[in-house]
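A quick write-up on the structure given underneath.
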């Protein structure tokens, strides 16, 4: 079953390895499902079209190099620290944000 | 190093070059430390999916499956018995006083070394296209990584554009995996591609494989293309506007775009390690200088695409050569490398053929509209960059200070080459070499302040 196609909003299309164990995470407070072995980037882009907005322009950001070189894929967590989404494996229950936490200036 | 202690040799990077370097050092009686950003050794071209994925090596690596498996097994076996000390998911961010500053999930620490082998690989070389700042535009390498390491396509309807071997390879891989590729737009004309043919014939099998792949793209592959613009809405790309070889305007609808003009070497650590650089006319980029074995500076050796872009097979050879040179310099038994040196020379001829066949479209940079974003990190446009020339005299480090290209979080990795062409064009130079080279700065990856504070507190 193609999760991304059924979700509709995702940018990422799963073409193989779809029989992995499901993992649960939260994006902007909403519970979402991904698969064990997903990076944070894969998990978020399987349900959304971007990771965050650009800090310097009107456009959204969804990663660029996927190998830790461009740093385009940083994403916020509810508890503060940011993650490089392309090189961080998704963990059960991760709580991610597409914008800065409320107390960020 | 005190008497009786083994010299500490650190290898940075666990791709084909790093793995073969480590293996050669082990054969010479050493226990190298290998520091790599990946979860599992293999590098980018032979990147492995996480544990638990089930596609076969043939599915993942095609005709190169046997080479990939051999490299992975070599590394895993040596690491399992403790002959290699492997630091995975670790980034070297600085080099000072014979020590490497390493960041991992736990924070920062300093790793001392007696000799250093840098096998840091390469990344997509990118020319800005108006609209490339939008979400859903990726490097070709990124699209290949998504497919290989995650079994995924980064869009439902993809346009691939640029030039180089990866353009054709990725298109075929995506189609084979069930992805949809709407167009493959090669900025190299067929005439240019034929011009590189004498060099390409240095590796006839490799060249033939490329031609066979091209046949599978009949109907969607276009040579001699000019890219005008990536049209986007707030979600991302909706079409690529381009002109065909006859100059006719074309529009290909899509929801994702892959861009790449072959590769650029990752050289930031070589810079921090004190290596000299020279502008390479073939590759149109600054590359570190090294001798035929890879010796680049006192105690520093370079191997793989971070030194010369020869691809995976060349990287394996270069890794062995660098380690052999290191062993020799340490007065240890080193293998005879004459045959490898001859093979590497042949790979060099092939690589020059590739560079001639799929050229970097330097002249495009000078013609980019002023509103084109050049620095994707901070949205600096070509027009803003051109304005710095009036104040800075056309030099890339001045352009960085004044216009911020190269100051963003990728530290110029994805804009530096195009920015140098634009600065050179505005200053009236004949060539980007006259605009100079961006100086490397530590940390070469963004480091959280907490790691640096911790480091200061522990006297690092």
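Protein chains in written order, with the working numbering: chain H, 380 to 484; chain G, 0 to 459. Glycine is no exception: its CB is placed at the ideal position from the N, C-alpha and C atoms. Quick caveat: nothing in here was measured; it's all calculated off a predicted structure.
Secondary structure of residue 400/H (DSSP, three-state): coil. The beta carbon of residue 49/G sits closer than 8 angstroms to some beta carbon of chain H.
Inter-residue distance for residue 404/H and residue 343/G is about 48 angstroms (C-alpha atoms, whole angstroms). The C-alpha of residue 479/H is placed about 15 angstroms away from the C-alpha of residue 464/H.
The C-alpha of residue 187/G lies about 27 angstroms from the C-alpha of residue 409/G. Given a length threshold of 4 residues, each whole run of the alpha helix (DSSP H) inside the stretch 41–90 of chain G is given here in chain order: 56–60 and 64–79. Taking the C-beta atoms as reference points, residue 356/G is found no nearer than 8 angstroms to residue 143/G.
If you compare the alpha carbons of 238/G, 254/G and 268/G with that of residue 101/G, the shortest gap goes to 268/G.
Approximately 7 angstroms separates the beta-carbon atoms of residue 411/G and residue 404/G; this is inside 8 angstroms, confirming the contact. The beta-bridge partner set that DSSP reports for residue 94/G consists of 99/G. The residues 361, 364 and 431, in chain order, have a CB closer than 6 angstroms to that of residue 420/G in the same chain once the five nearest residues on each side in sequence are set aside. Residue contact with chain G for residue 446/H: present (Cβ-Cβ distance below 8 angstroms to some residue of chain G). Relative to residue 388/G, the option among 251/G, 414/G, 442/G and 427/G whose CA is nearest is 427/G. The three-state reading of DSSP puts residue 171/G in helix, counting H, G and I together. Around the Cβ of residue 332/G, a 10 Å sphere holds fewer than 16 other Cβ atoms; the residue is exposed.
For a Cβ distance threshold of 7 angstroms, residue set 134 of chain G lies close to residue 440/H, ordered along the chain. Residues of the stretch 49–71 of chain G with a Cβ closer than 7 angstroms to any Cβ of chain H, in chain order: 49, 51, 52, 53 and 54. Short of 8 angstroms from the beta carbon of residue 289/G, and not among the five residues preceding or following it, lie these beta carbons of its own chain, in chain order: 274, 295, 300, 301 and 306. Interface residue (Cβ-Cβ distance to chain G less than 8 angstroms): residue 401/H is not classified as such. The C-alpha of residue 21/G lies about 43 angstroms from the C-alpha of residue 236/G. In chain order, 134 make up the part of chain G whose C-beta sits under 7 angstroms from the C-beta of residue 429/H.
Put simply, the stretch 211–218 of chain G touches the stretch 161–170 of chain G. At least three CB pairs are less than 8 angstroms apart.
When the Cα atoms are used, residue 481/H and residue 427/H turn out to be separated by approximately 21 angstroms. The Cβ atoms of residue 406/H and residue 419/H do not sit closer than 8 angstroms to each other.
Put simply, the stretch 27–34 of chain G touches the stretch 74–86 of chain G. At least three CB pairs are less than 8 angstroms apart. Between residue 110/G and residue 9/G the beta-carbon gap is near 6 angstroms, inside 8 angstroms, which marks them as a contact.
Residues are counted here when their Cβ sits less than 9 angstroms from a Cβ of chain H; for the stretch 144–166 of chain G these are 144, 145, 146, 148, 149, 150, 151, 152, 153, 154 and 155, given in chain order. With a threshold of 8 angstroms between beta carbons, residue 141/G makes contact with chain H.
In this chain, the alpha helix (DSSP H) harbouring residue 328/G covers 310–328.
Under DSSP, the beta-bridge partners assigned to residue 229/G are 239/G. A direct Cα-Cα distance of roughly 42 angstroms separates residue 397/G from residue 339/G.
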